Amino acid sequence: MFEYRFIDQEIRNGLLDSSSKTIAECEKIIQEQAKEGWRFVQLVTVPNEKAGVYMPKAYKLIFERPL
Numbered sequence: 001m002f003e004y005r006f007i008d009q010e011i012r013n014g015l016l017d018s019s020s021k022t023i024a025e026c027e028k029i030i031q032e033q034a035k036e037g038w039r040f041v042q043l044v045t046v047p048n049e050k051a052g053v054y055m056p057k058a059y060k061l062i063f064e065r066p067l
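Sequential numbering from 1 applies to the sequence shown in this note's numbering.
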């Protein structure tokens, strides 16, 4: 049996932001969660309902660990 943790990471689309910054933030979250015993399972793209299907709003990072 496992417990799960879901963390949203907003995708930055501003003039001074880049996708590499968002990826670096995701990597940091994965490292931090691993130190707490969580195993990274999956990254899901959360669509931006206002901008359409092809414009993601955030990434949902999914982690698990045994109970």
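Backbone N, C-alpha and C define an ideal beta-carbon position, used for all residues, glycine too.
Everything numeric in this text was worked out from a predicted model, so none of it was measured.
Remark: C-beta atoms of Y54 and L43 do not approach each other more closely than 7 Å. Scanning its chain for C-beta atoms nearer than 8 Å, with the 5 sequence neighbours on each side dropped, one finds around N48 the residues M55, P56 and K57, in chain order.
Leaving aside the five residues that flank E25 on each side, the residues in its chain whose CB is nearer than 8 Å to its CB run, in chain order, Q9. Scanning its chain for C-beta atoms nearer than 6 Å, with the 5 sequence neighbours on each side dropped, one finds around Q33 the residues F63, in chain order. Linking I11 to R5 through their CA atoms gives a straight-line distance of about 19 Å.
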